[in-house]
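A.B. asks: Every number in the numbering used here is 2 more than the matching position in the sequence shown, counting from 1.
Can you read through this structure? Questions will come right after.
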Amino acid sequence: MPQSDASFEQSIVELDRLIRHTNSIIRRRGRDILQEFDITPPQFDALLILKSNKGEDLTIGELGERMYLACSTATDLIDRMERNGLVERTRDANDRRVIRLRVLEKGHQMVEEVLAARKRYLAEVLQDVPQEDIQAMIRSMTQLDQLLREKRG
3 MPQSDASFEQ
13 SIVELDRLIR
23 HTNSIIRRRG
33 RDILQEFDIT
43 PPQFDALLIL
53 KSNKGEDLTI
63 GELGERMYLA
73 CSTATDLIDR
83 MERNGLVERT
93 RDANDRRVIR
103 LRVLEKGHQM
113 VEEVLAARKR
123 YLAEVLQDVP
133 QEDIQAMIRS
143 MTQLDQLLRE
153 KRG
């Protein structure tokens, strides 16, 4: 710790409490939003991961690794998503033994609609907060995100 005084310690305790509490509220509201779209949190997380992979389709094993799921759990998740028309399995062009996952139009649309609903929720919450305060929150969260990424290694 760079500082050892009691006020620094109290600040850390309060920051930890605020992060956990805020995260809990946002996750709970996020689950409510997902229910409106008839998709589970793991399915939505999988769609986000598959969409964010810069155009390269993942295998079920790769998706499972990124989601910290057992291969059988990831397979069950993809089975349900495939039945719901969100993703499809395709053969790898270079190695026909490899099965890759591709997000279908319904999956892309689902992500966009859910993210739009989440943005509307946050906009509603922050509507009376001055823009400079919102920018200060963004700067603080960006700094925390960067520090956490650096320490992750």
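Think of the CB as a built atom: it goes at the ideal place given N, C-alpha and C, for glycine as much as any other residue.
Note that the structure is a prediction, hence the values are computed from the model and not measured.
Give me the Cα-Cα distance between Met3 and Glu11, rounded to the nearest whole angstrom.
C.D. replies: For this step, residue 3 is matched to residue 1 along the sequence shown. For this step, residue 11 is matched to residue 9 along the sequence shown. For Met3, the pLDDT reaches just 49, beneath the cut-off of 50, and the residue's location in the model is therefore unreliable, leaving the point undetermined.
A.B. asks: Please state the DSSP three-state secondary structure of Leu103.
C.D. replies: The residue labelled residue 103 in the question sits at position 101 within the sequence shown. Looking at Leu103 - three-state DSSP - the assignment turns out to be strand.
A.B. asks: Buried or exposed: which applies to Ile27, given that a residue is buried once 16 or more other Cβ atoms fall within 10 Å of its Cβ?
C.D. replies: Within the sequence shown, numbered from 1, the residue matching residue 27 stands at position 25. So Ile27 counts as exposed.
A.B. asks: Can you tell me which of the three DSSP states Val116 falls into?
C.D. replies: Stepping through the sequence shown from its first residue, residue 116 is reached at position 114. Under the three-state reduction of DSSP, Val116 is assigned to helix.
A.B. asks: Between which two residues does the beta strand (DSSP E) holding Lys89 run?
C.D. replies: Residue 89 sits at position 87 when you count from the first residue of the sequence shown. Note that residue 89 is Val in the sequence shown, not Lys. Per DSSP, Val89 belongs to the beta strand (DSSP E) from 89-93.
A.B. asks: Which of helix, strand or coil does DSSP assign to Thr42?
C.D. replies: Working through the sequence shown from its first residue, we reach residue 42 at position 40. Look at Thr42 here: in three-state DSSP terms it is coil, with no helix or strand label.
A.B. asks: For Ile35, count neighbouring Cβ atoms within 10 angstroms of its own Cβ and tell me buried if that reaches 16, exposed if not.
C.D. replies: For the purposes of this step, residue 35 is taken as the residue at position 33 of the sequence shown. With 16 or more other Cβ atoms within 10 Å, it is buried.
A.B. asks: Going by beta-carbon coordinates alone, are Ile51 and Met112 separated by less than 8 Å?
C.D. replies: On the sequence shown, position 49 is the one that residue 51 refers to. On the sequence shown, position 110 is the one that residue 112 refers to. Against a cut-off of 8 Å, the Cβ pair of Met112 and Ile51 comes out as no contact.
A.B. asks: For Leu128, count the other beta carbons within 10 Å of its own beta carbon; 16 or more makes it buried, fewer makes it exposed. Which is it?
C.D. replies: The residue you call residue 128 lines up with position 126 of the sequence shown. Its Cβ having fewer than 16 others within 10 Å, Leu128 is exposed.
A.B. asks: Under 6 Å Cβ to Cβ from Arg22, same chain only, skipping five residues before and after it: list those, please.
C.D. replies: If you number the sequence shown from 1, residue 22 lands on position 20. Once the five neighbours on either side are set aside, Arg22 has no close Cβ partner at all.
A.B. asks: Of all the options Ile14, Phe39, Met69, Asp94, which has the alpha carbon lying nearest to the alpha carbon of Gly109?
C.D. replies: Taking the sequence shown and counting its residues from 1, the one referred to as residue 109 is at position 107. Ranking the options by Cα distance to Gly109, first place goes to Phe39.
A.B. asks: Quick one: is Leu103 buried, meaning 16 or more other Cβ sit within 10 Å of its Cβ, or exposed?
C.D. replies: The residue labelled residue 103 in the question sits at position 101 within the sequence shown. Classification of Leu103: buried, given that the 10 Å Cβ count is 16 or more.
A.B. asks: Could you check if Met143 is buried or exposed, using at least 16 other CB atoms within 10 Å of its CB as the buried criterion?
C.D. replies: Along the sequence shown, one-based indexing puts residue 143 at 141. Looking at its Cβ environment, which holds fewer than 16 other Cβ atoms inside 10 Å, Met143 is exposed.
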